[in-house]
Structures are given as structure tokens and as C-alpha cells.
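Structure record follows, encoded as C-alpha cells.
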Amino acid sequence: MIAQLMTSSPAGTLSAALGDTAPYFDLGPAPENESCVKQMRLFGRLSGLPFWCLASTAEGQQIVASTADSLAMIPFAQIEAFQSARGPHLVTTESGITYYSLPLPPLGEMPALAIGWIRSRPDQRPDDLVFAAVDAGWTKRQLNDWLQTQPIASPELVDRLLNASWSQAGADHREETLRNELTSAGEQIEETYEEITLLHSITGNLHLSRNPQELADWSLARVRTLTQAAGAAIWFEEHHGPTHFLTDGKMPLNEKEFLHLCTRCDKRDWSRPFVKNRLAGTPLAQELPELRNFVLCSIGERSQRFGWLIHCNAPREFGSVQASLLQSIAKILGTHLQNRELFSQNQGLLTSFVQSMVSTIDAKDTYTRGHSERVALVARILGEELSLAEQDLDDIHLSGLLHDIGKVGVDDRILRKPERLNEEEFEQIKKHPEIGCQILAGLENLQHVLPGVRHHHESYNGSGYPDGLKENDIPLMARVLAVADSYDAMGSDRPYRKGMTLDRLEAIFRENVGPQWDPQIIEAYFRARVKIRRVWSAHRPSNLAALSTCLSLGRSRVTPPKK
Ligand SMILES: [Fe+2]
């Protein structure tokens, strides 16, 4: 039996008839955008042979497109063999017709074939062809005229044409696959680059002074453009700003609903993000009907949780790329909050240490009680007069508080001796700057105050101790402290003398500027002398309230904990 399939025949109708019992299908417009049709047309162009695109359906075989104005006829017996072939296939009949086929991509889920036929001998008029023409209603003359226009090719030539077309199409397909993979890889790289840039920007903003809420607010919208979520939110366990529930976009949950979700999920392993793409039909969907899909990450671990991060209602399902990105953001925020907490604890310890050190000095030398605080205050005013940066002022203040810390290593009898010290005793006293440095040397957080501690007894002309530095070789912090230290020492009462009058003190400053003190610091003193006198006179030993300012978060040079 012949599968007789007529396309654009001389009768001018599009029809398909599969033998006597085959059903008739009105195929409608050819699905030109289908890959099987495109592939069939490619085979036609490459080989020059006529082709029909034959698709298998539950109802039977259908021709859905053709490259030829020809009688479409294929023996049913051949179709099965063609369908099982994995490459070019051809059969030549004794009557002089070569039937051939090439596999095509499926049409939807229907298997498809590119099939065709061509005469191999001009001197024969095959029976198959005559029967097909009769079934199609052609006259003998129509058939003869039509045959005059049809090509003829040997089976060997058809075989070569088919194989060449198959190879070329395969190469084209591989090239297109590679091109698609390259495009996909390029898009992936671009997406990854955007993610890395975002993470880099966020980590670049992780200053300890940065409020976590500001950081979260800053990152919310930026991250949402990458995840394409309709809404995003961050909720903090503790208040870090005016609000602890930050949202961006069209967030489908209010704060109460969001916390309900977090509580429901709390038993999970939060080392990984929780991704839920299909909520429809789940109990959660009944409780939170506006929520379609989400990625939920814990900020911090369960033992030390700082909050939650969620992105929800993406147009497509959340994948591992978005989930990993959000987990990274949550980890960055968690680490930042943990660092701030550790830093705050560190600051508290440092404050306590400095307070106890200053108290210890006061306890050792009761005659100079309050000296360290007054030196710190005067030095700060001098620093302000020199237009130093706020950070430098804090450093000078702290160094002033600790400048005599080395006296804890000097014999109490010498420190408390009311009479003038002999040479040997004075040599003992002169060791306190170095002892102070040794005490503080192991404290990494106080390294920046060491220049003031070690060199506050250096003289501008190089005659001081412990290193005999001169002029600008003496650290500025120490030159400022030297003036403040002398001001308080000369102005305060001692067991063996009353404090000097301001006139006498300032006369000594004028006489010894150059040899002992830096002229620019003395000039600064005289510009600020009224303020210094007011602050110095009003000062009483306190609980070092100003200390918290010097050690304030983000302004101190204390090395932050490592991430
Ligand atoms: Fe000193």
C-alpha cells in the first residue's frame, strides 16, 4: 500500500490521504516556527531534494509542511523503517523510485520525519506514481506534463546528498548549541559579576561604625534587583535604628505575619537557606495566602540570632543562585552584627582597663591625684588649637590619661617622698616612661598612645629622657603632652611647695620655649590660655566620663575583630 500524501498538487488542494482507510486531516497553516519544519526546510536547501515533514499523531500520520510541489507518496511499509532509522535512510524500488528520509526534532511530543522521493530512471513511469496520480484525480496528460518537470537522480547521488546534508545540519546544530551555551554562559557570568560586585559593595560598607539598619536598608533594594523578588524584608531581633522591620518592593507579609513564618520555620537547619517555591495547597498557603514563594535566611545562628532576611514572590521559581546570594548577604549581616557586639565588649574592657590604671596611679601618688585627667584635658585643648583631627584629639586625650602609667613600677617611697629627690631617686623616676611602654606594649588596642607615654619627658632641645629626641623627632603627641604635663605639674600644689601662680608659670613657658618646649605648642597655649585655665581650674577627679568618647565605636583606632 502506498502512503499517498498530496500537497500542492495540480488539483490545487492541500490534503493528506493515507491509503484506503486512513483518516483525512485538515492540517491548517504549516507550523513554520516549529523546529522540525525549520530542520526539514534546511535539509531541502542543503540537498536540493524535495521533502515533506511527516509527524506521527495518535490519529495517524500527518504532513505538516513541504518543500516540494509534488505528489507526496511514501509506502506505509517504508515509514516504519524510516522512523527507526537514526540517520539518512533510503530505499530504491525496481520501478525506479528512490524513497528517502532524515530524522527531525519532534513536533511537540509527536515524532517527525523529513521524507521524500525522486525518480532514479527517466525511461520508466513507476506504478506507484501512476496509482498516486489516479488517486489524486490527475489525468494522464497532467501526469506526463508534470513528470517532464521533475528531477531525476541516481540512488548513489541521493545517498551522498542525504549524508552531506545530515552532516552539515549536524555541524550547524552543534554550532548553534555551542552558541547558545556561550550566550547562556555569558549571561551567567554577567549575573555572577553583578552578584560579586554587590557583595563587594556590601563588604566595602562594613565599617564598624556603620549602623546595621543602614547597611540592611542600603542592600535590600540592590539585592532585590538581582533576585527579581516582588518583595523583600529584613527583621532585626534588637533595635538598631528607628525601625527593626525593613521592607522593599511589594512585601506580601506584614511584620506579624513575617514573624509567624519565621517562628514556624525556626526548627530548621539554618546553615542553609530555606527555599519554598510551591506553596499552593500547603497549610502555609492557607495561613499566608499572599505568599507564593520565598527564600528565608537566618541572620546569625540559632544560638546567636540577630534577625531574618526574606525575598518572596519571584515571577519564576527561586533557584540555588538566588538562595546562595541571599545566604551570603545574611552571613555578612550576621558577621557584621557579631563584630559590632564583640567590638562593643572589647571597648567596655578597654574602658575598664584605662579607668583602673588611672585609679591605680592616683592611689600610688595621692599628691598628684587627678593629674592624669587634667593633663588629658589640657592636651586636648592644645590639640584643638593646633587644628588636629578628632581622631588625633582622642588619641592625645587617651595618651594623657595613661602617660604616667609607668609610675606603678616606681617605688612608692620615692613617689610619696615630700622632700626633693636625690639623684638616685630621680633616676628611678626617669624610668617611668619606659616602664609605661612596657606595661602597654602587649595591648594591641593601645599601641597608638605609646608615643605620648614614652616621650612626654623629652625636651625640644634633646636634653630630655628617655631617648634624648629633639625637635620634630619627638612625636607631636608627646610635645603636646609635655606642655600639658608641665602646666599641671607647675600649677598644682605639692607637699614641698604651693602651686605656681599663672604669671610665674607662663613666665617659665616664655623663658624655656625652644630649649624645653616646642614653640608652636607654647603659641597654641597662649592662644587658648583662658579656656585652659577655666577647664583646668574647674576640673575635679571624676569617673572619667570623657573616656567613653575617646573610645567611642568606630572612632578609636582599635583593631576590629577579624571576620
Ligand atoms: Fe611623667
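Numbering-wise (this note's numbering), the sequence shown opens with residue 936 and increments by one.
Where is the CB? At the ideal position from N, CA and C, for every residue including glycine.
Please enumerate, following chain order, all residues with a beta carbon closer than 7 Å to at least one heavy atom belonging to ligand 1.
For ligand 1, the residues with a Cβ under 7 Å from any of its heavy atoms are, in chain order, His-1338, Asp-1339, His-1367, Pro-1368, His-1391, His-1392, Asp-1420.
Fully enclosed by the segment 1297–1342, which alpha helix (DSSP H) runs are 4 residues long or longer?
As far as the segment 1297–1342 is concerned, its whole alpha helix (DSSP H) runs of at least 4 residues are 1306–1320, 1325–1337.
Limits of the beta strand (DSSP E) - the one that Leu-1181 falls within
Start and end: 1180–1184.
Ile-1087 and Ser-1036: beta carbons closer than 8 Å?
With a cutoff of 8 Å on beta-carbon distance, Ile-1087 and Ser-1036 are scored as not near each other.
Given a cut-off of 8 Å, decide if Ile-1331 and Met-1412 are closer than it, judged by their beta-carbon atoms.
With respect to the 8 Å criterion, Met-1412 and Ile-1331 are classified as neighbours on the basis of their beta carbons.
Whole runs of the beta strand (DSSP E) within the segment 1204–1277, excluding any shorter than 3 residues:
If we require 3 residues or more, the beta strand (DSSP E) runs fully inside the segment 1204–1277 come out as 1209–1211, 1229–1236, 1239–1247.
Nearest to Ile-1443 by CA position, among Arg-1432, Ser-1472, Glu-1129, Val-1418, is which residue?
Closest by C-alpha distance to Ile-1443, out of Arg-1432, Ser-1472, Glu-1129, Val-1418, is Val-1418.
Could you check what DSSP says for Trp-1081 in three-state terms: helix, strand or coil?
In the structure shown, Trp-1081 sits in a helix (DSSP, three-state: H, G or I).
My assumption, with CB atoms under 8 Å, is that Phe-1229 sits in contact with Ser-1100. Please give the rounded CB distance.
So it is not a contact: roughly 51 Å between Cβ atoms.
For Arg-1203, I'd like the list of residues in its chain whose CB is within less than 7 Å of its CB, leaving aside the five on either flank, ordered along the chain.
Take Arg-1203, set aside five residues on each side of it, and the residues of its chain with a beta-carbon closer than 7 Å to its own are Phe-1209, in chain order.
Between the Cα of Val-1289 and those of Thr-1301, Val-1384, Pro-1041, spot the shortest distance and give me the residue it belongs to.
Restricting attention to Thr-1301, Val-1384, Pro-1041, the CA atom closest to the CA of Val-1289 is found in Val-1384.
Can you look up Leu-1416 in the DSSP assignment and give me helix, strand or coil?
DSSP places Leu-1416 in helix when its eight states are reduced to three.
Spatial neighbours of Leu-1078 within its chain, please: CB distance less than 6 Å, with the 5 preceding and 5 following residues excluded, ordered by chain position.
In its chain, beyond the 5 residues on either side, Ala-1068 have a beta carbon closer than 6 Å to the beta carbon of Leu-1078.
Pull up the distance between the alpha-carbon of Ile-1267 and that of Arg-1275, whole angstroms please.
Whole-angstrom Cα-Cα distance: 12 Å.
Going by DSSP in three states, Leu-1150 sits in which element: helix, strand or coil?
Looking at Leu-1150 - three-state DSSP - the assignment turns out to be helix.
Under a Cβ-count criterion, where at least 16 other Cβ atoms within 10 Å of its own Cβ denotes burial, should Glu-1359 be classed as buried or exposed?
Exposed, since its Cβ has fewer than 16 Cβ neighbours within 10 Å.
Residue closest to Glu-1369, alpha-carbon to alpha-carbon, out of Glu-1126, Lys-1352, Val-1388, Gly-1031
Of the candidates Glu-1126, Lys-1352, Val-1388, Gly-1031, the one whose C-alpha sits nearest the C-alpha of Glu-1369 is Val-1388.
Which stretch, first to last residue, makes up the alpha helix (DSSP H) that contains Met-975?
Run containing Met-975: 970–982, per the alpha helix (DSSP H) assignment.
What are the boundary residues of the alpha helix (DSSP H) that Ala-1016 is part of?
1011–1019 is the extent of the alpha helix (DSSP H) around Ala-1016.
With DSSP run on the structure shown, which of helix, strand or coil describes Phe-986?
The answer is coil: DSSP assigns Phe-986 none of H, G, I, E or B.
For Gln-1280 and Gly-1235, believed in contact at Cβ under 8 Å, the rounded distance
With a Cβ gap of about 16 Å, Gly-1235 and Gln-1280 do not count as contacting.
Quick one: what's got a C-beta closer than 8 Å to Pro-1057's C-beta in the same chain, skipping five residues either side?
If you ignore the 5 residues before and after Pro-1057, its C-beta comes within less than 8 Å of the C-beta of Ile-1087, all in its own chain and listed in chain order.
Checking the sheet assignment: what are the DSSP bridge partners for Gly-1449?
Bridge pairing for Gly-1449: absent [DSSP].
Could you give the distance in angstroms between the alpha-carbon of Ser-1001 and the alpha-carbon of Trp-1205?
The alpha-carbon atoms of Ser-1001 and Trp-1205 are separated by roughly 59 Å.
Under 8 Å, with one C-beta from each stretch per pair, do the segment 1213–1229 and the segment 1151–1158 reach the 3-pair mark?
Contact between the segment 1213–1229 and the segment 1151–1158 is absent, because fewer than three Cβ pairs lie under 8 Å.
Exposed unless 16 or more other CB atoms sit within 10 angstroms - verdict on Gln-1013
So Gln-1013 ends up on the buried side.
Helix, strand or coil for Arg-1432? Go by DSSP, reduced to three states.
For Arg-1432, the secondary structure class from DSSP, reduced to helix, strand or coil, is strand.
Consult DSSP for Tyr-959 and reduce its assignment to one of helix, strand or coil.
Confidence at Tyr-959 is low in this model, with a pLDDT of 31, below 50, so its placement is unreliable and no value can be given for it.
For His-1246, which residues of its own chain have a beta-carbon under 8 Å away from its beta-carbon, when the five flanking residues on both sides are left out?
Residues of the same chain with a CB within less than 8 Å of the CB of His-1246, apart from the 5 flanking positions on each side, are Val-1158, Arg-1159, Thr-1162, Ala-1164, Gly-1166, Ala-1167, Phe-1229, Val-1230, Phe-1253, Gln-1257, Leu-1261 in chain order.
Tyr-1400 and His-1391 look like a contact to me (Cβ under 8 Å); what is the Cβ gap, rounded to whole Å?
With a Cβ gap of about 10 Å, Tyr-1400 and His-1391 do not count as contacting.
Measuring alpha carbon to alpha carbon, tell me which of Leu-1284, Gln-1282, Asn-1212 ends up nearest Ala-1249.
Asn-1212 is the residue among Leu-1284, Gln-1282, Asn-1212 whose C-alpha sits nearest the C-alpha of Ala-1249.
Straight-line gap, Leu-984 to Arg-1109 (C-alpha atoms, nearest Å):
Rounded to the nearest angstrom, the two C-alpha atoms are 23 Å apart.
When the Cα of Glu-1173 is compared with those of Arg-1240, Leu-1117, Ile-1124, which residue comes out closest?
Among Arg-1240, Leu-1117, Ile-1124, the Cα nearest to that of Glu-1173 belongs to Arg-1240.
Would Leu-1117 be called buried (16 or more neighbouring beta carbons within 10 Å of its own) or exposed?
Exposed, by the Cβ-count rule.
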